[in-house]
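Presented below is the structure to which this report refers.
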DNA sequence: AATATATACGCACGACCGTTCGTATTGTCT
DNA sequence: AGACAATACGAACGGTCGTGCGTATATATT
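Residue numbers (this note's numbering), protein chains in the order written: chain A, 96 to 312; chain B, 96 to 312.
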């Protein structure tokens, strides 16, 4: 009589899945989706290996659930707070600052989850890669829209049909470079360079200095 | 009587090492330094597993040799041809174009070798990571010097002490973003965006349009 | 109350991992 | 010529991987 999805009974199981996934996203952000192993995960979570296996069915399903969990954490850390800002340049600047904070504060132990697993996944050809591609396109749509909504405050971008796309590409590039640099060199220099580079870019496009004041090291 | 390094006898062994390493760099560029396995490598090379093991001593030494081999291939593909260009903006533009070609033509099967293995290695704490950090710093020194030698042709960069460093960071960021994008999305769109972004950036800094004419999709 | 479902466990399987033996062969040096 | 070092191989080691099986328990549905 109830719907096919009967969550009532699965309260215990969902709690277990959530606890395992919280460890999984950190482990995957450090070692990639292949470095994510059921045995290590079970040991860290204090449960049996076969339990983790039955909870997620297969390794691939575990990877997919891990990616989805990381996506929700990312939304909570960056997307949702940015949407709380008002339209326009203020939101665009907020996205940049929130993203840099998301990377620098190590919401995931290995920095940005999606950059950490992209290298491993891009060489494969399974559902995990497809999901990551979809999430990446989702990000570009979100960021490009934020740029487009800032056009009135970025007069330098007028008359260029691909202006928003190029700027979204440049911003993403610098965010990723800051993330990678901080992981590889174990310093915060990349974050300062990204803030300086993006701020200069926005100022060159005619942004008001007050609007970009959030982007200072 | 001869030097301690007697390469004469090792001709056969060196040839074997080279053949294995040529496969190793491709495999590592696709699967990372951890995905590089002695068994698969031996199978692909048509030799025994124990042979590969004895040729390189240990897994770590194999990884280090693979990184060194990739470094030399990268130098041949990008650094050396760029140094053949004259000083200044021409060389800087050549570096960008050579790098994009190096990534797009898949000199390594998995795109840029160093970006592919950086994710896995940055979470570890061994000699492989140190070597990759040193190579990355080597790259930044090289690129920053090329920017500095272009200062007379980039008047927009005057008066900014950290100008060359920021520009080198931005260029590297866009090159990496093009590389990652082409691998994840399996399209060449990222390369066009990187060429457009870097060209616009150089033009905005006062570069002559002739000097950057190489950067067109 | 009876049945079905979802956790959770222990156990074992085949496969692959990196490493290490013993051994044969080849090339280099004294 | 003889001693020595470097390839190359086959075989086996302990370890971990993902997966499947049987079983016990707790919850939900009938």
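Cβ atoms here follow ideal geometry from the backbone N, Cα and C, with glycine treated the same way.
- The residues 127, 128 and 129, in chain order, have a CB closer than 7 Å to that of residue 215 of chain B in the same chain once the five nearest residues on each side in sequence are set aside.
- Here residue 136 of chain A has 115, 118, 119, 122 and 147 as same chain residues with Cβ atoms under 7 Å from its own Cβ, once five neighbours each way along the sequence are excluded.
- Of all C-beta pairs linking the segment 238 to 248 of chain A to the segment 183 to 191 of chain A, three or more are shorter than 8 Å, placing the two stretches in contact.
- Taking the beta carbon of residue 264 of chain A as reference, the chain B residues within 7 Å of it are 272, 288 and 292, listed in sequence order.
- When DSSP states are grouped into helix, strand and coil, residue 309 of chain A belongs to the coil group.
- For residue 217 of chain B, the chain A residues whose Cβ falls inside 7 Å of its Cβ are 278 and 279, in order along the chain.
- For residue 144 of chain A, the enclosing alpha helix (DSSP H) starts and ends at 144 to 151.
- The beta-carbon separation of residue 273 of chain B and residue 200 of chain B, rounded to 13 Å, does not stay under the 8 Å limit for a contact.
- Within its own chain, the residues whose Cβ lies closer than 6 Å to the Cβ of residue 278 of chain A, once the five positions on either side in sequence are excluded, are 206, listed in chain order.
- For the segment 113 to 132 of chain A, the beta-carbon criterion of a distance under 7 Å to any beta-carbon of chain B is satisfied by 125, 126, 127, 129 and 130.
- Taking 8 Å as the cut-off, the beta carbon of residue 157 of chain A is found no closer than this to the beta carbon of residue 190 of chain A.
- Just so you know, the alpha carbons of residue 282 of chain A and residue 292 of chain A end up roughly 17 Å apart.
- In this structure, the beta-carbon distance from residue 231 of chain A to residue 268 of chain B does not fall below 8 Å.
- In the displayed model, residue 131 of chain A falls within coil according to three-state DSSP, outside both helix and strand.
- When Cβ-Cβ separations below 8 Å define contact, residue 228 of chain B makes contact with chain A.
- Going by C-alpha positions, residue 211 of chain A is about 31 Å away from residue 176 of chain B.
- Within 8 Å of the CB of residue 149 of chain B, no CB atom of chain A is found; the nearest one sits about 27 Å away.
- Under the rule that a run must span 4 or more residues, the alpha helix (DSSP H) segments found entirely inside the segment 195 to 240 of chain B read 208 to 217.
- With fewer than 16 other beta carbons inside 10 angstroms of its own, residue 256 of chain B counts as exposed.
- Going by DSSP, residue 277 of chain A is part of the alpha helix (DSSP H) stretching over 258 to 280.
- Under the three-state reduction of DSSP output, residue 304 of chain B falls in the coil class, being neither helix nor strand.
- From the listed residues A/125, A/111 and A/154, the smallest Cα separation to residue 141 of chain A is found for A/111.
- Bounds of the alpha helix (DSSP H) holding residue 158 of chain B are 154 to 169.
- Using a 10 angstroms sphere on the CB of residue 145 of chain B, the tally of other CB atoms stays under 16, which defines it as exposed.
- With 16 or more other Cβ atoms from the protein chains shown falling within 10 Å of its own Cβ, residue 166 of chain A counts as buried.
- Distances from the alpha-carbon of residue 239 of chain B to those of B/172, B/124, B/213 and B/261 put B/261 closest.
- Here residue 131 of chain B is buried, its C-beta having at least 16 other C-beta atoms within 10 Å.
- Minimum Cα-Cα distance from residue 217 of chain B among the listed residues A/259, A/276, A/266 and A/192 corresponds to A/276.
- Taking a C-beta distance under 8 Å as the contact criterion, residue 251 of chain B and residue 300 of chain B qualify as a contact pair.
- Burial is judged here by how many other beta carbons sit within 10 angstroms of a residue's own beta carbon; residue 173 of chain B has at least 16 and is buried.
- In this chain, the alpha helix (DSSP H) harbouring residue 176 of chain B covers 175 to 178.
- Contact with chain B is found for residue 275 of chain A, since one of that chain's Cβ atoms lies less than 8 Å from the residue's Cβ.
- Secondary structure of residue 113 of chain B (DSSP, three-state): helix.
- Residue 226 of chain A sits away from residue 289 of chain A, with the two beta carbons spaced by 8 Å or more.
- If you look at residue 290 of chain B, you'll find it in the alpha helix (DSSP H) that goes 284 to 299.
- Interface annotation, residue 183 of chain B: not in contact with chain A, CB-CB separation never under 8 Å.
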